[in-house]
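Chemist:
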Amino acid sequence: MKSRKPKIYVSAEQCPQAGRERMIMPQPIEVIGNNARNPEPELLQRMRDTGAVFMMGQNPDLCVMPERPKLLDFFHFRFSDIAYMHLLQSAKLALDGGQEEKVVVACLLHDIANGALLRSDHGYWGAQMIAPYVSEEIAWAVQQHQALRYFADESVGFKYPDAYNQFFGADYKPPEYLCKAHEEARNHRWYMTSRLITIYDIYSFQEGWDLDPDQFTDIIGRHFKEPEEGLGFDNSPAAHMWRSMIWPHNFL
Ligand SMILES: [Fe+2]
Ligand SMILES: [Fe+2]
Numbered sequence: 018m019k020s021r022k023p024k025i026y027v028s029a030e031q032c033p034q035a036g037r038e039r040m041i042m043p044q045p046i047e048v049i050g051n052n053a054r055n056p057e058p059e060l061l062q063r064m065r066d067t068g069a070v071f072m073m074g075q076n077p078d079l080c081v082m083p084e085r086p087k088l089l090d091f092f093h094f095r096f097s098d099i100a101y102m103h104l105l106q107s108a109k110l111a112l113d114g115g116q117e118e119k120v121v122v123a124c125l126l127h128d129i130a131n132g133a134l135l136r137s138d139h140g141y142w143g144a145q146m147i148a149p150y151v152s153e154e155i156a157w158a159v160q161q162h163q164a165l166r167y168f169a170d171e172s173v174g175f176k177y178p179d180a181y182n183q184f185f186g187a188d189y190k191p192p193e194y195l196c197k198a199h200e201e202a203r204n205h206r207w208y209m210t211s212r213l214i215t216i217y218d219i220y221s222f223q224e225g226w227d228l229d230p231d232q233f234t235d236i237i238g239r240h241f242k243e244p245e246e247g248l249g250f251d252n253s254p255a256a257h258m259w260r261s262m263i264w265p266h267n268f269l
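Note that my numbering has the sequence shown beginning at 18, numbered continuously upward.
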């Protein structure tokens with residue numbers, strides 16, 4: 018992971034609420050249905066007993082983001098190592114495969130929701146995150162890859178991924194809404210843009226690649242409209258999603 022930019026941290030004293038214990042409440046989606054893992058009652062009691070507060074703003078355990086963050090800043094400073102490599106490898110394979118730039122960008126962004134936000138229905142979340150900044154076709158392709166990965170297309174050499182038999186069990190069947198999404202996507206004029214995501218996707222969990230995200234700067238510049246105010250601060254319909262990755266531990 019040599020190509021990741023060095024991270025800059027600040028001390029707890031330089032963060033909001035300095036000098037007080039700052040507690041992190043897990044997101045509801047992490048603990049739903051599992052009361053044993055939900056610390057909400059204890060943390061509220063701790064607040065009353067000790068004067069501790071809930072985390073708002075910069076967490077000293079996370080590196081500081083630039084004031085006006087751009088797309089690649091989230092790659093460098095927020096995404097998990099696995100998501101970081103997976104997205105870069107997918108995009109590189111599409112580029113080396115001679116695909117159009119819109120496909121390369123779709124591959125680079127296809128699992129962006131997994132980077133630092135949410136895994137469940139990640140194609141849909143990811144499409145909403147990027148929709149204000151990319152073409153309708155790229156956002157559509159990212160959304161539809163959610164469904165297409167579950168359905169083989171022998172005409173382009175795409176088989177149901179072996180990994181899914183391990184992840185979900187060999188008897189797993191995708192739910193109705195994904196079956197319908199697949200049917201609709203198959204008949205859509207942008208089908209192949211999304212299908213190509215799935216083709217470059219399945220090979221992209223390799224160890225030992227040292228890919229510098231900056232090699233995609235020019236392509237990103239042509240296909241991703243970076244807001245002047247920075248991602249999270251441009252008042253777009255998706256700005257809150259980017260802010261949630263900048264300050265993922267905000268209590269509210
Ligand atoms: Fe995905
Ligand atoms: Fe993927």
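Cβ coordinates follow ideal geometry from the N, Cα and C atoms, glycine included.
Please report the straight-line C-alpha distance between R203 and V159, rounded to a whole angstrom.
Modeler: Here residue 203 corresponds to residue number 186 of the sequence shown, with the count starting at 1. Here residue 159 corresponds to residue number 142 of the sequence shown, with the count starting at 1. The straight-line gap from Cα to Cα measures roughly 14 Å.
Chemist: Do the stretch 222-242 and the stretch 188-207 touch if we need at least three Cβ pairs shorter than 8 Å?
Modeler: Segments in contact, no.
Chemist: Tell me whether the beta-carbon of I236 lies closer than 9 Å to the beta-carbon of L105.
Modeler: For the purposes of this step, residue 236 is taken as residue 219 along the sequence shown, with counting starting at 1. For the purposes of this step, residue 105 is taken as residue 88 along the sequence shown, with counting starting at 1. For I236 and L105, no; Cβs fall outside 9 Å.
Chemist: If you draw a straight line from the C-alpha of P132 to the C-alpha of Y101, how long is it?
Modeler: Counted from its first residue, the sequence shown places residue 132 at position 115. Counted from its first residue, the sequence shown places residue 101 at position 84. Per the sequence presented here, residue 132 reads as Gly, with Pro not at that position. Distance between the alpha carbons of G132 and Y101 is about 7 Å.
Chemist: Using the Cα positions of G36 and A69, report the straight-line distance between them to the nearest angstrom.
Modeler: In the sequence shown, counting from the first residue as 1, residue 36 sits at position 19. In the sequence shown, counting from the first residue as 1, residue 69 sits at position 52. So the two alpha carbons sit approximately 10 Å from each other.
Chemist: Around ligand 1, which residues pass a check of Cβ closer than 7 Å to any of its heavy atoms?
Modeler: For ligand 1, the selected residues are H127, D128, N131, H139, G140, H162, Q163, R166, D218.
Chemist: Are the CB atoms of M258 and W142 nearer to each other than 9 Å?
Modeler: Against the sequence shown, residue 258 aligns to sequence position 241. Against the sequence shown, residue 142 aligns to sequence position 125. Yes, Cβ-Cβ distance for M258 and W142 is below 9 Å.
Chemist: Would I25 be called buried (16 or more neighbouring beta carbons within 10 Å of its own) or exposed?
Modeler: Looking up residue 25 in the sequence shown gives position 8. Burial call: exposed.
Chemist: Compare the C-alpha of R260 against each of R95, A53, G238, L165 and name the closest.
Modeler: Here residue 260 refers to the residue found at position 243 when the sequence shown is read from its first residue. Minimum Cα distance to R260 is reached at R95.
Chemist: If S107 sits next to Y181, beta carbons under 8 Å apart, how far is it from one beta carbon to the other, in whole angstroms?
Modeler: Along the sequence shown, one-based indexing puts residue 107 at 90. Along the sequence shown, one-based indexing puts residue 181 at 164. So it is not a contact: roughly 17 Å between Cβ atoms.
Chemist: Going by C-alpha to C-alpha distance, which of S97, F91, N51, D66 sits closest to G249?
Modeler: One-based indexing of the sequence shown puts residue 249 at position 232. Measuring from the Cα of G249, the nearest candidate turns out to be F91.
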